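To start, the structure under review is shown below, and the notes come after it.
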Amino acid sequence: MAKKSSKSRKLNVYSNLTRRLKTKKDSSARKRAEYLASLPKNPVQRFFYRVHPKRFWSYWFSRRGLFMLIKLVGIFILLMVLLAGALFAYYRKDLDAIRPSELAKQVQTTVSKYYDRNDKLLWEDKGEGNYKLTVKADQISEYMKQATVAIEDRNFYKHGGISPIGIARAAITDLRGESIQGGSTLTQQLVKQVYFADEAHDRSLSGIPRKIKEMILAIEVERLYDKDQILTLYLNESPYGGRRNGVQSASQTYFGIPASKINLPQAALLAGVPNQPGLYDPYNEAGNEALINRQHEVLNKMVANNYITQKEADDAKKVPILDKIRPESDQYSNIKAPHFVQMVRSQLEAELGKATVGKGGLTIKTTLDWGVQKELKKAMKKEFKTYDPSYYGFNNGAATVQDNTNGQIIALMGSRDYNYPGYGQNNAATSFIQPGSSIKPEVYAQLLKSDGFGSGTKTLTDSNDFAKEYGAPLQNADKRFEGAITLRKALAESRNIPAVKAMYVAGVESTIDNIRKMGDKYYCTRGVEQQAGLSAAIGGCGTRQIDHVNAFATLANAGTRHEQSSILSVKNSQGQTLIKWKDKSKQILDPEIAYIIGDILSDPYARLGLTKGRYVTGVEIPGIKTAVKTGTSDLNGKPRDLWVMTYSKKISMGVWLGNATTKALKNGNSLIPGKIVDPVMKYTDKHYDEGVKSKYGAWLKEPKGIKHIGGELYPSWYKKSSSGTSMTFDKVSKKLATKCTPSGAEIKLTVTKSTNPITKKDIYMAPDGYDASQKDDKHKCGDDKPTVSAKREGNKIVADYSQGGHGLDTLYFIVDGKTVHKESVSGNGSSSYTYTGDGNKAYVKVEDSYYYTGRSGTFSL
């Protein structure tokens, strides 16, 4: 047989291999086809057949499934690399800004300037002394560096700008819908402070995109800078509470030393502040406890990082560090209107953020008028120079002046003197103080919304019949009751009981809501109205003076409330306008209501009972028509806070005198603050014309619709209440008589009927302390009644009597239907009366203190 050639053998091998591969491929295809043929034809059934756990996991644990998984992972990694590259390329435009020369420019000392409305410089916020905010690395205490790393980023020297664990934690919080926090390294925080401070309030730049940009910039910062440079930049940039950004500024402000001299207790205190600079500000007394806890946390972490020993930490904790903080007043030397300027700064921090304000470079034009402010300061100084502290007992005061037409504060003093020891720096104009009776105009403003009330209404009787609704017996300041008086007299003389009844009729919640809408926006807030109840009608809750003045400006401005403001404009160092004042107003009261209240408060004859007919400085101001309401809060029967609230057509003003603590005054009345009001209102009404070009002493214009009835004012919707309704009352309980009320205790009275504007139910106002809303609860049908027996002994009528359930009162001897003799009796006993006149029939009657009677039988004489 012929031998096959080598070429033939190779072809055979290839052919065999091809056949085997083909056979294998065919077999695989055949198996695939058989598998597909075995699947249900219905697509839904086929899907559930395939995802059966047994078949699902069989596939993914097969070689074919493994290859598929590798492909998917590879594609995912490739996409992530491409995405990271794209993001890095997108944000590459920002990298030039973090070059060493550019980043250093971002961290620098700046000055903010505050001006009055006429461009008078009030304050330059530049710190104390001529020092730079920025310092070099070798000018910062090692304790400060270590404390900062320990509390902010213990792995600072190990990472490259970002922390994977921190990123994961931030991602989880973001997925939960929470703000991204807790995942930032110290480098990221530096980037955030420098580049994202102005974006903090822009939601479009928040969330994951900003976080990604932050991380990319942090990585690049780590590439361009060494760790010591990054830490130095961070310490020069971080906010340390109040006015200070940067460790040098903080150390100078709080301790009066350069950053290089900071010791361990000081470093631990300062390092904890940037986390919450508002709360941990050493000058924020409310946060002092939290600040010390934070300092101790810093010290503990310094021990954990082996920067200090446990003994050093314990010794540092024992140092009374807050006692060594320099007084805040030292930071505000040469400042004009300090309470006002600090209030403005706090408002800016709330609107722009503490970091933005702390960096400075702002030009702030305020609403203050320096001329009015000087007049107010002079009047306050004169008051405390001439008053007798040993007699009156107050040691502090505050005043606010506001333009009625736009809500702008034009003068403010938060204390008697900003530099007064102990409490001068505290701003009483923004503190919560009970306004006393000065809240009453706002109470009556709500009442006048109903259809049965005007300045001449007498339904709110001044009598002490309101104990049950009020919760305790009520008193007026003079301890007297005047009976049925007009609403004009009740408000002008500041009677307490009619004011409480007014709130009762109008509704507690609706009245308080109206008070807040008028301008006293925090009056009885956070559920306090439930505790205060009707006492809110006479100043039972606290309010801020600035808000109280705004509420009175609403009355002066025909019921229109302007949003109160203290800032006209704010510009940054580039001249860009960050804030510009816009008038925001809302009609709260009908102009008729505001006018009627103003007419009462400006009526000198109506308040004669308050002024006792004498001229009172500040309450009456020659040449200026003003509406005035005084107020006094009490403490254990003694005055505590003295208020005068006043307004002209142009200006509203509030003055408070009292103590820096809640201590009561020795003597005094609410007319005393008028001595401060008088000169300020005179000056302001003559020299301040912003918004109102009116004549000196001009007054409010009467709106159309006001009704003039009997010399009094009523709103156009006034409907005279029905009157002359007769009701039977019980003399003992002074409530409505019942079937158990004895006839002797009954009395018929004429009551006035009106409608409660809240419940829409009829209410009846009865005179002389009688209550038409309650029934007699003194008499019960089963009460024991007194008894008496009588007989004739010669020319004498002899009676024996016994009391029932109540003490006896009067014994009557009656002959032929006429009382011939009566006498007071008590307890059980006997009495006689010698009768010498003519008569046929006689009997004796006894009456007790509840008007129950007992009668003897009739006998012949």
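Read in order, the letters of the sequence shown are residues 806 to 1666 in the working numbering. Glycine residues also receive a C-beta, built at the ideal position from the N, C-alpha and C atoms. All values derive from a computational prediction rather than experimental measurement.
#1: On the DSSP bridge assignment, give the partners of Trp-1448 in chain order.
#2: Using DSSP with H/G/I as helix, E/B as strand and the rest coil, what is Thr-939?
#3: Let me know the secondary structure DSSP gives Met-1185 once reduced to three states.
#4: Return yes when the Cβ of Arg-1412 is within less than 8 Å of the Cβ of Ser-1390, no when it is not.
#5: Could you say which of Gly-1634, Val-1625, Ile-1619 and Glu-1598 lies nearest to Leu-1613 if we only look at CA atoms?
#6: Any idea if Ala-838 is buried or exposed, counting beta-carbon neighbours within 10 angstroms, 16 or more meaning buried?
#7: Look at the Cβ atom of Thr-1422, then the Cβ atom of Met-1486, and state whether they are nearer than 8 Å.
#8: In chain order, what residues of the same chain have a beta carbon less than 8 Å from the beta carbon of Thr-1663, not counting five sequence neighbours either side?
#9: Please report the straight-line C-alpha distance between Gly-1188 and Asp-958, rounded to a whole angstrom.
#10: Helix, strand or coil for Ile-1290? Go by DSSP, reduced to three states.
#11: Which residue spans inside the region 1207-1250 form an unbroken beta strand (DSSP E) run of at least 3?
#12: Among the candidates Thr-1530, Ala-1358 and Tyr-919, whose CA atom is the shortest distance from the CA of Trp-1175?
#13: If you drop the 5 nearest sequence neighbours on each side, which residues of the same chain put their C-beta closer than 6 Å to that of Thr-1489?
#14: Are there three or more Cβ pairs, one per stretch, closer than 8 Å when the region 1397-1406 is compared with the region 1238-1251?
#15: Touching or not, the region 1142-1153 and the region 1213-1233, by the rule of three or more beta carbon pairs under 8 Å?
#16: For Gly-1610, which option in Ile-1619, Cys-1586, Leu-1022 and Pro-1070 has the closest C-alpha, if you only look at C-alpha atoms?
#17: If you drop the 5 nearest sequence neighbours on each side, which residues of the same chain put their C-beta closer than 7 Å to that of Pro-1079?
#18: Please state whether DSSP places His-1611 in a helix, a strand or coil.
#19: Leaving out five residues on either side along the sequence, give the residues of the same chain with a beta carbon under 6 Å from the beta carbon of Ala-1550.
#20: Tell me which same chain residues have a C-beta within less than 8 Å of the C-beta of Phe-1237, skipping the five on either side of it?
#21: Got a sec? Which residues, its chain only, sit under 6 Å from Asp-1388 by beta carbon, not counting five neighbours each side?
#22: Per DSSP, what kind of secondary structure is Ala-838 in: helix, strand or coil?
#23: Between the Cα of Ile-1320 and the Cα atoms of Ala-1356, Val-1630, Gln-1392 and Ile-1302, which residue gives the shortest distance?
#24: Ile-1126 and Pro-1070: beta carbons closer than 8 Å?
#25: Hey, would you say Ser-917 sits closer than 8 Å to Ile-1169, going by beta carbons?
#26: Would you check if the region 1360-1379 and the region 1256-1266 touch, i.e. whether three or more CB-CB distances between them fall below 8 Å?
#27: Skipping 5 residues on each side, what residues in its chain have a beta carbon closer than 6 Å to that of Tyr-1519?
#28: Pick helix, strand or coil for Lys-1273, following the three-state DSSP scheme.
#29: For Glu-1117 and Thr-953, I'd like the C-alpha separation in whole angstroms.
#30: According to DSSP, is Ala-1647 helix, strand or coil?
#31: Please classify His-1492: is it buried, with 16 or more other beta-carbons within 10 angstroms of its beta-carbon, or exposed?
#32: Quick check: Thr-1615 and Lys-1627, are their CB atoms within less than 8 Å of each other?
#33: Taking the C-alpha atoms as reference points, what is the distance between Gly-1345 and Pro-1240?
#34: DSSP has Gly-1659 in a bridge; who is on the other side?
#35: Excluding the 5 residues preceding and the 5 following Ala-1203 in the sequence, name in chain order all residues of the same chain whose CB lies nearer than 7 Å to its CB.
#36: Among Ala-1289, Ile-956 and Gly-1473, whose alpha-carbon lies nearest the alpha-carbon of Glu-1102?
Looking at the coordinates:
#1: Gly-1436 and Trp-1461
#2: coil
#3: helix
#4: Taking 8 Å as the cut-off, the beta carbon of Ser-1390 is found no closer than this to the beta carbon of Arg-1412.
#5: Gly-1634
#6: The Cβ neighbour count for Ala-838, taken over all protein chains shown within 10 Å, is under 16; the residue is labelled exposed.
#7: no
#8: Lys-1646, Ala-1647 and Tyr-1648
#9: Reading the sequence as shown, one finds Glu at residue 1188 and not Gly. Using only the alpha carbons, I get a separation of about 55 Å.
#10: coil
#11: 1214-1218
#12: Tyr-919
#13: Val-1177 and Ile-1456
#14: yes
#15: Of all C-beta pairs linking the region 1142-1153 to the region 1213-1233, three or more are shorter than 8 Å, placing the two stretches in contact.
#16: Relative to the Cα of Gly-1610, the nearest Cα in the group Ile-1619, Cys-1586, Leu-1022 and Pro-1070 belongs to Cys-1586.
#17: Ser-1043, Pro-1044 and Tyr-1045
#18: coil
#19: Asp-1535, Lys-1536, Val-1537 and Tyr-1656
#20: Here Phe-1237 has Tyr-1327, Gly-1347, Thr-1348 and Arg-1349 as same chain residues with Cβ atoms under 8 Å from its own Cβ, once five neighbours each way along the sequence are excluded.
#21: Asn-1211
#22: helix
#23: Ala-1356
#24: yes
#25: yes
#26: no
#27: Gly-1259 and Lys-1512
#28: Low per-residue confidence applies at Lys-1273: pLDDT is 49, beneath 50, and the placement is therefore not dependable, though the value from the model is reported in the following sentence. In this structure, Lys-1273 counts as helix in the three-state DSSP scheme.
#29: Rounded to the nearest angstrom, the two C-alpha atoms are 17 Å apart.
#30: strand
#31: exposed
#32: yes
#33: 8 Å
#34: Paired residue(s): Val-1651.
#35: Met-1218, Gly-1219, Ser-1220, Ala-1233, Ala-1234, Gln-1350 and Trp-1461
#36: Ile-956
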